[in-house]
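There are 2 protein chains.
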Amino acid sequence: MTDDFDIKDFLPYLLNQAADASSLEFQHYYKSRYGMLRTEWRVLFHLGRYGTMTAKDICTRAGLHKTKVSRAVTALEQKRFLTRQEVARDRRHESLQLTKAGHRAFADLAAEAQRFDAALTAGFDPDERDMLRRCLQQIAGL
Amino acid sequence: MTDDFDIKDFLPYLLNQAADASSLEFQHYYKSRYGMLRTEWRVLFHLGRYGTMTAKDICTRAGLHKTKVSRAVTALEQKRFLTRQEVARDRRHESLQLTKAGHRAFADLAAEAQRFDAALTAGFDPDERDMLRRCLQQIAGL
DNA sequence: TATTGTTAGTTACAAAAACAACTAATATCC
DNA sequence: GGATATTAGTTGTTTTTGTAACTAACAATA
């Protein structure tokens, strides 16, 4: 009954394997170059791409837990990639913005990500790529 | 130049989000029911589906590091889901086999995985499903 | 048959993630 | 206005992972 069910066809397994494999090389890039962790790169990306926002905003947009973001923000601050600014209206919030160095790192990594993405999907034809992204976005609930 | 590059289109990001989202519910199942970790479930699956083999075989087939497998085997042994058996010919190897309880757990989880997989892809039509799996297998290097 | 190399698996330690408990600021409701 | 609840963010502790060093068995070679 379940004898023909192969783990290689089990979607969560496949997705994890593909995610791990595809992350590995890019991870090496931001790790060796900027000493960043994955969450740091994501926070940097969100601020670089969408501009100033609070930690909470990043949590919501990126689907990350607040402790992860909190620690990533601290790390990026120590690397001088971002600064915090109190929001007068509500002092629980801190608006986060990238420094010059932060913007440079973002620009570099974003360009690299784009190249990397292109290389990764080079073997697929355009409608395969679109379909792949659509399927993944649906599964991810984005 | 890179201003229009959205992280939601970056394949490693998408793959990770989709992998996390899709794993969550199933993970909850084997965790609450059998107290298993992800690696334990994978080891269990390999032994249940492909029969007796050594830890090394599982490493190779599942693309897992030997320390992970070693710990998972210890954990599954303590749960009485598998037993080890020395290989006379070469005492470095240990052949691993599921116990009755291990087989039961495998059957239960495999059936659940199958249901879960079906539910996950219910929104896609057949050729989308095939393409998705093919793309993922290629990216994962399987 | 010593020497060196390789392989399977374990163990120990460091890095990272997950989870819970906490502080401080603001909102709500009596 | 004061008790209570919520929200943003941090800190501390426990799990889990990653990495490297290790043991034991075998292989190869001189």
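Chains as they are written, first to last, in the working numbering: chain A, 39 to 180; chain B, 39 to 180. Even glycine gets a Cβ: it sits at the ideal position worked out from N, Cα and C.
Based on the DSSP secondary-structure assignment, which residues constitute the bridge partners of residue i?
i, result
"Gln135 (chain A)", "A:Thr121"
"Met91 (chain B)", "B:Leu134"
State buried or exposed for residue i, treating a residue as buried only when at least 16 other CB atoms are found within 10 Å of its CB.
i, result
"Asp42 (chain B)", "exposed"
"Gly140 (chain B)", "buried"
"Thr77 (chain A)", "buried"
"Leu120 (chain A)", "buried"
"Pro164 (chain A)", "exposed"
"His84 (chain B)", "buried"
"Asp128 (chain A)", "exposed"
"Arg142 (chain B)", "exposed"
"Val125 (chain B)", "exposed"
"Ala160 (chain B)", "exposed"
"Tyr88 (chain A)", "exposed"
"Ser70 (chain A)", "exposed"
"Leu62 (chain B)", "exposed"
"Gln116 (chain B)", "exposed"
"Arg167 (chain B)", "buried"
What first and last residue would you give for the alpha helix (DSSP H) that runs through residue i?
i, result
"Arg127 (chain A)", "Careful: Arg127 (chain A) lies outside any alpha helix (DSSP H) and carries neither H nor E."
"Met74 (chain B)", "Met74 (chain B) -> no alpha helix (DSSP H), and no H or E assigned at all."
"Ile177 (chain A)", "Pro164 to Ala178"
"Ala113 (chain A)", "Lys104 to Gln116"
Comparing the C-beta of residue i with each C-beta of chain B, is any distance below 8 Å?
i, result
"Gly161 (chain A)", "yes"
"Cys97 (chain A)", "no"
"Asp47 (chain A)", "yes"
"Gln116 (chain A)", "no"
"Arg87 (chain A)", "yes"
"Leu120 (chain A)", "no"
"Leu102 (chain A)", "no"
Under 8 Å, Cβ to Cβ, is there at least one residue of chain A near residue i?
i, result
"Ala178 (chain B)", "yes"
"Met91 (chain B)", "no"
"Lys94 (chain B)", "no"
"Arg171 (chain B)", "yes"
"Glu124 (chain B)", "no"
"Leu134 (chain B)", "no"
"Asp44 (chain B)", "yes"
Mind checking the segment 49-65 of chain A against chain B and listing, in chain order, the residues whose C-beta falls within less than 7 Å of any C-beta there? Hits within the stretch, in order: Leu49, Pro50, Leu52, Leu53, Asn54, Gln55, Ala56, Ala57, Ala59, Ser60, Ser61 and Phe64.
Contacting positions in the segment 137-160 of chain A - beta carbon closer than 8 Å to chain B: Ala145, Ala148, Ala149, Ala151, Gln152, Phe154, Asp155, Leu158 and Thr159
The segment 68-85 of chain A: positions lying closer than 9 Å to chain B by Cβ: Arg76, Arg80, Phe83 and His84
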